[in-house]
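**Student:** Each position in the sequence shown, counted from 1, maps to that position plus 872 in our numbering.
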Amino acid sequence: MECPECGKKLDSAAPVDGNVEKLPADGDIMVCVYCASVLAWKTNPQGPPRFERFDVETLDNSEREVVEAMRNLILTSNENGGKLVS
Ligand SMILES: [Zn+2]
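What follows is the structure in structure tokens.
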């Protein structure tokens, strides 16, 4: 599965609540770790799941804050050659 924005292969996902036993569900919001695009997980009965672009403005304020924090972390890391800085 590729990110529809940057085309990089996405082959794993990690939940923000730390529960690694939980599998992504249809409609779950994801952030591409490469380009920080906001995506929605779409299950596909005929094949592998896919990602669709998602409009972050449709989230409520608390959800949007979490997504924006993740995006900022990824973008900051990318600007620093993959390293997080404080
Ligand atoms: Zn991407």
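All C-beta atoms, glycine included, are put in the ideal place defined by N, C-alpha and C.
Tell whether a beta-carbon distance below 8 Å holds between D932 and W913.
**Tutor:** On the sequence shown, residue 932 is found 60 positions in, with the first residue counted as 1. On the sequence shown, residue 913 is found 41 positions in, with the first residue counted as 1. The beta carbons of D932 and W913 sit no closer together than 8 Å.
**Student:** Which partner residues does A941 have in the DSSP bridge list?
**Tutor:** As a first step, residue 941 must be located in the sequence shown, where it is residue number 69. A941 pairs with nothing; no bridge assigned.
**Student:** Could you check which residue in E937, G890, N952 has the C-alpha nearest to that of V910?
**Tutor:** Position 38 of the sequence shown, counted from the start, is the residue given in the question as residue 910. V910 has its Cα closest to that of E937, out of E937, G890, N952.
**Student:** Would you please state the rounded distance, in angstroms, between the beta carbons of R925 and P876? I believe it to be under 8 Å.
**Tutor:** Looking up residue 925 in the sequence shown gives position 53. Looking up residue 876 in the sequence shown gives position 4. Cβ atoms of R925 and P876 come within 8 Å of each other, at about 6 Å.
**Student:** Run the proximity test for E877: is its beta-carbon closer than 7 Å to any non-hydrogen atom belonging to ligand 3?
**Tutor:** Annotation note on ligand 3: not contained in the displayed structure, which lists ligand 1 as its ligands.
**Student:** Can you determine whether any heavy atom of ligand 1 sits closer than 7 Å to the C-beta of S949, and answer yes or no?
**Tutor:** Taking the first residue of the sequence shown as 1, we reach residue 949 at position 77. No - ligand 1 has no heavy atom lying nearer than 7 Å to the Cβ of S949.
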